[in-house]
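Chemist:
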Amino acid sequence: MEKIKYPYIPDDRVIKYVDKENEFMKEASEMMKKGGCFIQKTGAVIVLENKIIGKGSNASKTLDYCPRRKKGSKTGEDYYLCKEMCGQFGHAESNAIYNTVKSFGIDKEKLEELENLINIAYYSKNTNLEELEIKIKNFVKTINIEKIKGADLYLDGHWWCCKICWMFMNAFYIKDVYLRNDSFEKYFIH
């Protein structure tokens, strides 16, 4: 596979690839169908010890256009429009983390705190990413993440993961990220 130049990837991380017929990628593909994004529906599953422990998508209301594209936004920019115009709650990666943590019975106050972090992360204009990363890491220290620590994430519908998604995945100790072998060819938007 040709080396892909991602818009962002942490220095110490790599993206791994699997065939679209991989059982966990198939589940991510099913979640992708629940995505509402006009341009890029995505779905993710979190897997620990060969068992799916969480799922998420970039579900939203479906418009007949993309507000970010209409504005001329580059990939990774102006995500606040996804919330304001489409009602989206996070990207598939952070949504899968949220749903996983929720399934573990986290208390309502902590769940609301995580929801607030996701909203700030993707949808606030001019978010200071260094401060945000500290807030996410500090939040993770206040909850029990043993049931997610070391899990893998399978993502379908995109060819890379944005910086904010990596912040969440790193803070929650997601071990490996898997995309489809053909993700760049299939999902890269020129």
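Just so we're aligned: the sequence shown equals residues 17 to 206 in the working numbering. The C-beta atom is built at its ideal place from N, Cα and C for all residues, glycine as well.
(1) By alpha-carbon positions, which one of E149, E125, M41 ends up nearest to I136?
(2) Rank I68, Y96, M48, A44 by C-alpha distance to the C-alpha of S140 and give the top, closest one.
(3) Nearest to K163 by CA position, among G106, M48, G70, K42, is which residue?
(4) My understanding is that N197 touches D35, with C-beta atoms under 8 angstroms, so please give their C-beta distance in whole angstroms.
(5) Given that a residue counts as buried once 16 or more other Cβ atoms are within 10 Å of its Cβ, and exposed if not, what is D28?
(6) Are A60 and L171 touching if we call contact CB-CB under 7 angstroms?
(7) What are the uninterrupted segments assigned as alpha helix (DSSP H) that are 4 or more residues long and contained completely in the segment 94–179, given in chain order?
(8) Using DSSP bridges, identify the partner residues of V193.
(9) Taking the Cβ atom as the reference point for each residue, do E109 and C181 lie within a distance shorter than 7 angstroms?
(10) Would you give the residue range spanned by the beta strand (DSSP E) that A44 belongs to?
(11) Apart from the five residues just before and just after M101, which ones in its own chain have a Cβ nearer than 8 angstroms to its Cβ?
(12) Using a 10 Å radius around the Cβ and a threshold of 16 neighbouring Cβ atoms, would you call T116 buried or exposed?
Modeler: Let me spell this out:
(1) For I136, the closest C-alpha among the options E149, E125, M41 is that of E149.
(2) Sorting I68, Y96, M48, A44 by C-alpha distance to the C-alpha of S140 places Y96 at the top.
(3) Closest by alpha carbon: G70.
(4) Contact holds; Cβ gap of about 6 angstroms.
(5) The residue is exposed, with fewer than 16 neighbouring Cβ atoms inside 10 Å.
(6) With a cutoff of 7 angstroms on beta-carbon distance, A60 and L171 are scored as near each other.
(7) Within the segment 94–179, the complete alpha helix (DSSP H) runs of at least 4 residues are 96–102, 108–119, 124–139, 145–157.
(8) Looking at the DSSP assignment, V193 forms a beta bridge with I31, L169.
(9) Yes; because the gap between Cβ atoms is below 7 angstroms, this pair is in contact.
(10) Run containing A44: none in the beta strand (DSSP E); it sits in the alpha helix (DSSP H), 39–48.
(11) Excluding residues within five positions, the ones whose Cβ falls inside 8 angstroms are L79, P83.
(12) Of the other Cβ atoms in all chains shown, 16 or more fall within 10 Å of the Cβ of T116; this residue is therefore buried.
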